[in-house]
Amino acid sequence: MGDLALKNRLKEARTEHGLTQAELAVRVSVSRKTINTVENGVFVPSTILALKLAEALGRKVEDLFQLAQ
Amino acid sequence: MSEPSKSFDVEYEIKRRRKGLFVIAIVFTSMLGGVIAATDDIASHGVRAIDVFRIGAFIIIALGVLIFVLTGGPRAFRHPAMNDELVRANRAKALRLGYVVFVLSTMAIYVSSLFVAVDFSEVLPVLITVGIAVPTLSFAILEQNGEK
Chain A
173 MGDLALKNRL KEARTEHGLT QAELAVRVSV SRKTINTVEN GVFVPSTILA LKLAEALGRK
233 VEDLFQLAQ
Chain B
36 MSEPSKSFDV EYEIKRRRKG LFVIAIVFTS MLGGVIAATD DIASHGVRAI DVFRIGAFII
96 IALGVLIFVL TGGPRAFRHP AMNDELVRAN RAKALRLGYV VFVLSTMAIY VSSLFVAVDF
156 SEVLPVLITV GIAVPTLSFA ILEQNGEK
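Residue numbers (this note's numbering), protein chains in the order written: chain A, 173 to 241; chain B, 36 to 183.
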């Protein structure tokens, strides 16, 4: 599955910002569960959500999400 | 999509909707016996108001449940997180499963009808129930994943 080929550092970036999942969810207008599933690699976000997350955390998208080699 | 309201508790509403989907799927499935009985009654006693009411209620509720699953319910329009991309992905998976189960059920009934007598006026409510209840239940289960 292609879904398994994406690694992310969302949790690290979020905790570095001192944000909870719920607080980050509010910033990008999704549910806390969506943040949780993205962090756990269960759900691969769209490009739009990835960009919103990167913007909310002050990172580049490629810092948050990388293809697993 | 309307502006998010601060007093609107998205997480609570999402949990409430998920529980509602479970209840709706179970209640709707439990109506099947009554609808088949009403269909039998019409065949044996002719058309009576009570049977028309039971079958009409079944169809109206089926349409209501279908609209609820497709849209996420009336409260889904109050906040974008109620219908975010995870919800849309879960809904798409649930509808896909419902479609596959519906087609397989139809095939099974068709093959059965070659060997045994099948009363299609009784089988059609079963197919409607499968087509509605499977995606509803599946949507509820998918929405439960990642809750913790």
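Idealized CB from N, CA, C, for every residue including glycine. Note that the coordinates shown come from a computational prediction; the quantities given were computed from them, not determined experimentally.
Item, Value
"Cβ pair A175 (chain B), A73 (chain B) closer than 9 Å", "no"
"Own chain residues within Cβ distance below 7 Å of V165 (chain B), not counting five before or after", "V136, F137 and S140"
"Range covered by the beta strand (DSSP E) that runs through K232 (chain A)", "Where K232 (chain A) is concerned, there is no enclosing beta strand (DSSP E), given that its DSSP letter is neither H nor E."
"Chain B contact residues for R186 (chain A), given Cβ-Cβ distances below 8 Å", "Going along chain B, no residue has its Cβ under 8 Å from R186 (chain A), so there is no contact; the nearest lies around 16 Å."
"Cβ neighbour criterion (16 or more within 10 Å) applied to S79 (chain B)", "exposed"
"Minimum C-alpha distance to I71 (chain B) - residue among B:V122, B:I96 and B:L159", "B:L159"
"Burial state of E227 (chain A), where buried means 16 or more other Cβ atoms lie within 10 Å", "exposed"
"Cα-Cα separation, A197 (chain A) to L67 (chain B)", "40 Å"
"Cutoff 8 Å; reference A222 (chain A); Cβ partners in own chain excluding five residues on either side", "V233, L236 and F237"
"Given I95 (chain B) as reference, the closest of B:P170, B:I163, B:N118 and B:R51 once Cα atoms are compared", "B:I163"
"The segment 88-106 of chain B touching the segment 140-158 of chain B, judged by at least three CB pairs closer than 8 Å", "no"
"Per-residue contacts from A222 (chain A) into chain B (C-beta, under 8 Å)", "Those within 8 Å of A222 (chain A) in chain B number zero; the least Cβ separation is about 11 Å."
"Counterpart residues of K179 (chain A) in DSSP-defined beta bridges", "A:Q238"
"Where P115 (chain B) meets chain A, residues with beta-carbon distance less than 9 Å", "S201 and V202"
"Selection from B:D75, B:G81 and B:V87 that minimises the alpha carbon distance to S156 (chain B)", "B:D75"
"V214 (chain A) at chain B interface by Cβ criterion, 9 Å", "yes"
"Neighbourhood of A121 (chain A) by C-beta distance below 7 Å, restricted to the same chain and skipping five residues each side", "Residue 121 (chain A) lies beyond the residue range present for chain A, which begins at 173 and ends at 241; the question has no answer from this structure."
"Proximal residues to E38 (chain B) (C-beta, below 7 Å), its chain only, five neighbours per side dropped", "Confidence in E38 (chain B) is poor, its pLDDT being 48 and thus under 50, which makes the residue's placement unreliable; the coordinate value appears in the next sentence. Once the five neighbours on either side are set aside, E38 (chain B) has no close Cβ partner at all."
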